[in-house]
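One structure is given here, and the rest of the page talks about it.
2 protein chains.
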Amino acid sequence: MNLNDLPTSTPWRMARRAARMNPSVIREILKVTEKPGIISLAGGLPSPKTFPVAEFAAASATVLAQDGPAALQYAASEGYAPLRQAIADFLPWDVNPDQVLITTGSQQALDLIAKVLLDDSSRVLVETPTYLGALQAFTPMEPTVVAVDSDHEGVLVDDLRAKVGTGDDKARFLYVLPNFQNPTGRTMSEARRAALVQAAAELGLPLVEDNPYGDLWFDTPPPAPLTARNPEGCIYMGSFSKVLAPGLRLGFIVAPQAVYPKLLQAKQAADLHTPGYNQRLVAEVMKGGFLDRHVPTIRTLYKAQCEAMLTALTREMAGLDVQWNRPDGGMFLWVRLPAGMSAIDLLPKAVERNVAFVPGAAFYASDADPRTLRLSFVTSTQEQIAAGIAALAAAIRDLQGS
Amino acid sequence: MNLNDLPTSTPWRMARRAARMNPSVIREILKVTEKPGIISLAGGLPSPKTFPVAEFAAASATVLAQDGPAALQYAASEGYAPLRQAIADFLPWDVNPDQVLITTGSQQALDLIAKVLLDDSSRVLVETPTYLGALQAFTPMEPTVVAVDSDHEGVLVDDLRAKVGTGDDKARFLYVLPNFQNPTGRTMSEARRAALVQAAAELGLPLVEDNPYGDLWFDTPPPAPLTARNPEGCIYMGSFSKVLAPGLRLGFIVAPQAVYPKLLQAKQAADLHTPGYNQRLVAEVMKGGFLDRHVPTIRTLYKAQCEAMLTALTREMAGLDVQWNRPDGGMFLWVRLPAGMSAIDLLPKAVERNVAFVPGAAFYASDADPRTLRLSFVTSTQEQIAAGIAALAAAIRDLQGS
Numbered sequence: 001m002n003l004n005d006l007p008t009s010t011p012w013r014m015a016r017r018a019a020r021m022n023p024s025v026i027r028e029i030l031k032v033t034e035k036p037g038i039i040s041l042a043g044g045l046p047s048p049k050t051f052p053v054a055e056f057a058a059a060s061a062t063v064l065a066q067d068g069p070a071a072l073q074y075a076a077s078e079g080y081a082p083l084r085q086a087i088a089d090f091l092p093w094d095v096n097p098d099q100v101l102i103t104t105g106s107q108q109a110l111d112l113i114a115k116v117l118l119d120d121s122s123r124v125l126v127e128t129p130t131y132l133g134a135l136q137a138f139t140p141m142e143p144t145v146v147a148v149d150s151d152h153e154g155v156l157v158d159d160l161r162a163k164v165g166t167g168d169d170k171a172r173f174l175y176v177l178p179n180f181q182n183p184t185g186r187t188m189s190e191a192r193r194a195a196l197v198q199a200a201a202e203l204g205l206p207l208v209e210d211n212p213y214g215d216l217w218f219d220t221p222p223p224a225p226l227t228a229r230n231p232e233g234c235i236y237m238g239s240f241s242k243v244l245a246p247g248l249r250l251g252f253i254v255a256p257q258a259v260y261p262k263l264l265q266a267k268q269a270a271d272l273h274t275p276g277y278n279q280r281l282v283a284e285v286m287k288g289g290f291l292d293r294h295v296p297t298i299r300t301l302y303k304a305q306c307e308a309m310l311t312a313l314t315r316e317m318a319g320l321d322v323q324w325n326r327p328d329g330g331m332f333l334w335v336r337l338p339a340g341m342s343a344i345d346l347l348p349k350a351v352e353r354n355v356a357f358v359p360g361a362a363f364y365a366s367d368a369d370p371r372t373l374r375l376s377f378v379t380s381t382q383e384q385i386a387a388g389i390a391a392l393a394a395a396i397r398d399l400q401g402s
Numbered sequence: 001m002n003l004n005d006l007p008t009s010t011p012w013r014m015a016r017r018a019a020r021m022n023p024s025v026i027r028e029i030l031k032v033t034e035k036p037g038i039i040s041l042a043g044g045l046p047s048p049k050t051f052p053v054a055e056f057a058a059a060s061a062t063v064l065a066q067d068g069p070a071a072l073q074y075a076a077s078e079g080y081a082p083l084r085q086a087i088a089d090f091l092p093w094d095v096n097p098d099q100v101l102i103t104t105g106s107q108q109a110l111d112l113i114a115k116v117l118l119d120d121s122s123r124v125l126v127e128t129p130t131y132l133g134a135l136q137a138f139t140p141m142e143p144t145v146v147a148v149d150s151d152h153e154g155v156l157v158d159d160l161r162a163k164v165g166t167g168d169d170k171a172r173f174l175y176v177l178p179n180f181q182n183p184t185g186r187t188m189s190e191a192r193r194a195a196l197v198q199a200a201a202e203l204g205l206p207l208v209e210d211n212p213y214g215d216l217w218f219d220t221p222p223p224a225p226l227t228a229r230n231p232e233g234c235i236y237m238g239s240f241s242k243v244l245a246p247g248l249r250l251g252f253i254v255a256p257q258a259v260y261p262k263l264l265q266a267k268q269a270a271d272l273h274t275p276g277y278n279q280r281l282v283a284e285v286m287k288g289g290f291l292d293r294h295v296p297t298i299r300t301l302y303k304a305q306c307e308a309m310l311t312a313l314t315r316e317m318a319g320l321d322v323q324w325n326r327p328d329g330g331m332f333l334w335v336r337l338p339a340g341m342s343a344i345d346l347l348p349k350a351v352e353r354n355v356a357f358v359p360g361a362a363f364y365a366s367d368a369d370p371r372t373l374r375l376s377f378v379t380s381t382q383e384q385i386a387a388g389i390a391a392l393a394a395a396i397r398d399l400q401g402s
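Those protein sequence lines, which keep their order, are chains A and R.
First residue of the first sequence: 1, per full-length UniProt numbering; consecutive thereafter.
First residue of the second sequence: 1, per full-length UniProt numbering; consecutive thereafter.
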């Protein structure tokens with residue numbers, strides 16, 4: 001019998017979770033924005049101007065000359081010891097390097113945390129709205145995601161108490177992004193942080209704190225991390241994507257001993273270890289306090305671009321009943337369209353006028369507010385931002401008139 | 001109320017799967033082997049002599065000079081297009097670059113495949129014995145792993161038919177490593193490959209073919225991959241870890257359209273994308289046919305080291321009733337101890353004599369043969385191999401005499 005005589009299609013039966021996994025809305029939009037001439041206010045791509053290319057070139061030469069074979073060999077799943085030490089030293093509370101787990105971007109941290117803490121149908125709490133990548137990372141473990149009501153400072157503690165659940169249905173953790181949140185750009189105040197950590201400790205609710213943007217403040221640093229206030233009750237996630245470069249895929253977890261060993265085992269199973277070459281490059285670039293000199297230049301750039309966007313919004317949206325916030329740092333701001341208008345309906349009109357954004361609906365675990373949208377002020381230049389906001393205002397007028 | 005007044009320990013409730021996740025036996029053994037002076041025949045670490053450090057240094061300079069901002073930016077989850085093309089061109093059957101998904105090492109490929117194809121309690125078939133890292137990658141999805149009886153050529157097709165299951169319990173796939181298998185070093189013959197692909201097609205059983213070692217043949221290339229014989233029924237996994245360097249964590253999947261989109265979504269959720277810098281480095285190093293010149297030097301080295309191990313085994317194990325195989329390539333050979341002897345009992349005796357190996361039991365999904373052990377001939381020098389095998393023989397005598 002010849003293979004040609006056999007049924008040609010093998011029946012690939014998918015796991016249940018595959019039905020829940022869908023293409024990232026953002027990545028689909030980003031494909032649209034690759035059209036030449038379009039101004040993208042959609043993606044969360046750091047400005048390439050901020051990438052220290054020369055420093056990475058120097059570090060590449062140094063690492064390969066001094067430590068080439070080790071940099072190219074298999075390595076410990078925990079991560080490169082000097083980088084773990086540098087991270088512990090850099091963080092603003094007492095962190096032991098043994099608590100630091102290097103991850104392949106902070107997206108992997110979300111995957112590992114989901115694997116270790118979420119069963120199918122486990123309750124997990126998120127902000128309203130929340131980071132889309134977190135929802136995507138949690139989805140394969142098939143949890144029940146519950147959105148906690150939030151205001152301009154983040155989660156509302158009373159609603160957290162109402163939604164934490166009990167017994168087997170008690171939430172496994174709350175995922176929270178306190179600084180210059182993706183997507184809203186909002187920051188959790190000192191008072192809200194104190195209340196949240198207090199409530200979580202009373203409730204016995206672990207917190208998963210994601211802090212990719214915390215160093216990108218404009219005028220004053222944000223309040224201390226949640227984890228600094230109760231390290232045994234929190235997992236902290238950090239990233240080098242916004243202060244050095246995302247293309248190296250370097251993030252980290254700081255976890256208490258109660259969960260670190262299982263996260264480490266999940267890491268081994270996921271990709272053995274994060275590339276040792278990349279870890280050494282970042283450790284080399286960080287030597288001599290480079291971040292202390294480099295990060296302020298990113299802050300200055302992003303603050304200017306944010307102000308350009310705010311100025312353009314004030315100018316272009318006059319009379320349109322559009323609302324937006326004023327972030328204290330980060331990469332994004334949050335816009336609310338006039339009553340009755342949907343950001344999803346607006347997007348094609350905007351793309352016709354050569355500007356793109358992300359409809360806010362993508363960031364809600366449930367009950368999306370269709371009027372919201374996210375604007376990034378870091379990828380485009382100030383001139384592009386001004387033109388892009390003008391085009392967005394025109395698109396809103398198009399939709400109102402249609 | 002002060003935080004200090006609260007219960008200090010947050011109750012971290014783990015997912016069910018966490019109870020099944022355990023430290024890698026091999027990584028624990030590797031820690032023992034870091035003791036100074038020990039000869040490790042345990043780990044699967046490629047010889048650092050084979051790492052093209054100078055080529056990576058040149059490629060690092062070129063990539064950052066010519067394409068620095070793009071190399072350091074976020075990138076497509078599918079992978080870097082020129083690398084996907086180079087992989088498609090390199091493989092010995094007709095592969096479309098659109099079928100290639102770049103992964104963060106081939107370990108991540110296993111994680112993605114498990115996520116997309118395995119539910120809890122799904123039947124999944126493996127060889128006897130099989131790659132430990134695959135068992136670890138599958139475990140978080142809580143499948144039922146069923147070992148198919150195997151001989152010196154790999155899985156026995158009759159036992160595959162007996163164990164494939166029916167209805168909801170039908171196996172989701174067979175995971176198979178046909179070339180110079182980890183851990184045994186065995187190779188699947190042409191006849192067995194043909195019979196296996198035929199049987200899988202008849203049974204409607206997908207195959208997951210892992211081929212990290214296929215280029216490391218000593219005298220003649222292995223038979224064509226299983227996937228080349230039925231691309232729509234197979235997922236193929238490859239790696240640059242053994243032909244260039246493992247520390248870059250670069251592997252890939254070739255998948256049919258029936259599963260590619262879901263693997264891609266799982267990849268997005270897992271780490272967004274594999275480091276773009278690393279992908280460009282490998283694409284740059286591969287230009288001009290570098291692998292065609294480089295890989296033969298690895299083959300020559302490993303063949304000589306394998307022969308050194310075989311010679312030492314013949315000399316040192318004389319009269320000890322120890323059996324071993326003669327691999328046609330790869331990194332490992334497989335040893336069977338005298339009747340009644342356990343490799344796990346032998347390990348501490350061997351470590352006392354400054355040599356380490358991996359007990360075979362680690363590689364069995366069930367019904368381990370306690371007499372087996374894996375030896376790597378690639379990490380140590382020929383002199384260390386000779387001394388290591390002598391020490392191993394002495395340890396066997398120690399255990400026989402005790």
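Ideal Cβ placement from N, Cα and C applies to all residues, glycine included.
None of these values were measured; they are calculated from a predicted model.
Taken atom to atom, the span from the alpha-carbon of A270 of chain R to that of A201 of chain R is near 31 Å.
E209 of chain R carries a strand assignment under DSSP once its states are collapsed to helix, strand and coil.
For L132 of chain A, the uninterrupted alpha helix (DSSP H) segment begins and ends at L132 to F138. Non-local beta-carbon contacts of L301 of chain A in its own chain, meaning distances under 7 Å to residues more than five positions away in sequence, involve S47, K49 and T50 in chain order. Within 7 Å of the CB of M14 of chain R, the CB atoms of chain A belong to V116, L117 and K262, in sequence order along the chain.
For the C-beta of A266 of chain R, the chain A residues within less than 7 Å are, from N- to C-terminus, M21 and P140.
Residue burial annotation: N182 of chain R is buried, with at least 16 other C-beta atoms found within 10 angstroms of its C-beta.
Within 9 Å of the CB of G238 of chain R, no CB atom of chain A is found; the nearest one sits about 15 Å away. For V146 of chain A, no Cβ of chain R is located within less than 8 Å of the residue's own Cβ.
Contact residues of the region 336 to 358 of chain A toward chain R are absent (C-beta to C-beta distance below 7 Å). In the DSSP assignment, V126 of chain A forms a beta bridge with A:A147 and A:Y175. Contact annotation for Q136 of chain R against chain A: Q268 and A269 [CB-CB distance below 7 Å, chain order]. With a beta-carbon spacing of about 19 Å, S60 of chain R and H273 of chain R fall beyond the 8 Å limit used to define contacts. Identification of chain A residues near S9 of chain R by a Cβ-Cβ cut-off of 7 Å yields E232, ordered along the chain. Within chain R, no C-beta atom comes less than 9 Å from the C-beta of F332 of chain A; the nearest is roughly 15 Å away. With the rule of 3 Cβ pairs closer than 8 Å, the region 293 to 311 of chain A counts as touching the region 217 to 225 of chain A. Residues are counted here when their Cβ sits less than 7 Å from a Cβ of chain A; for the region 102 to 116 of chain R these are T104, G105, Q107, Q108, D111, K115 and V116, given in chain order. Counted as a single uninterrupted DSSP element, the beta strand (DSSP E) harbouring T103 of chain R occupies residues V100 to T103. The C-beta distance from Y74 of chain A to P246 of chain R rounds to 5 Å, short enough to meet the 8 Å contact threshold. Close partners of S60 of chain R in chain A (Cβ separation under 8 Å): A57, S60, A61 and L64.
Distances from the CA of T166 of chain R to each of R:D151, R:G204, R:F138 and R:V145 were compared; the closest alpha carbon is that of R:G204.
Residue pairing from DSSP places I235 of chain R in a beta bridge opposite R:V208. The contact set of S24 of chain A on chain R, defined by CB atoms closer than 7 Å, consists of Q268 in chain order. Rounded to the nearest angstrom, the gap between the Cα atoms of L291 of chain A and L101 of chain A is 20 Å.
Residue pairing of L375 of chain A in beta bridges, as defined by DSSP: A:L333. In this structure, the alpha-carbon of E352 of chain R lies about 44 Å from that of M286 of chain R.
Taking 8 Å as the threshold, the shortest C-beta distance from Q384 of chain R to chain A does not fall below it. Beta-bridge pairing by DSSP links V358 of chain R to R:R374. R193 of chain A counts as buried, since at least 16 other C-beta atoms from the protein chains shown sit within 10 angstroms of its C-beta. Neighbours of A245 of chain A across chain R, judged by C-beta separation under 7 Å: L72.
Inclusion of A350 of chain R and A356 of chain R in the CB contact set at 8 Å is warranted, their separation being smaller than that value. The Cβ-Cβ distance between L250 of chain A and L226 of chain A does not fall below 8 Å. Below the 7 Å Cβ cutoff, chain A contributes Q73 and Y74 as neighbours of L45 of chain R, in chain order. Rounded to whole angstroms, the gap between the alpha carbons of A391 of chain R and R336 of chain R is 16 Å. For G388 of chain A, the three-state secondary structure derived from DSSP is helix. The closest CA to that of A54 of chain R, considering only A:A65, A:N179, A:G340 and A:F56, is found on A:A65.
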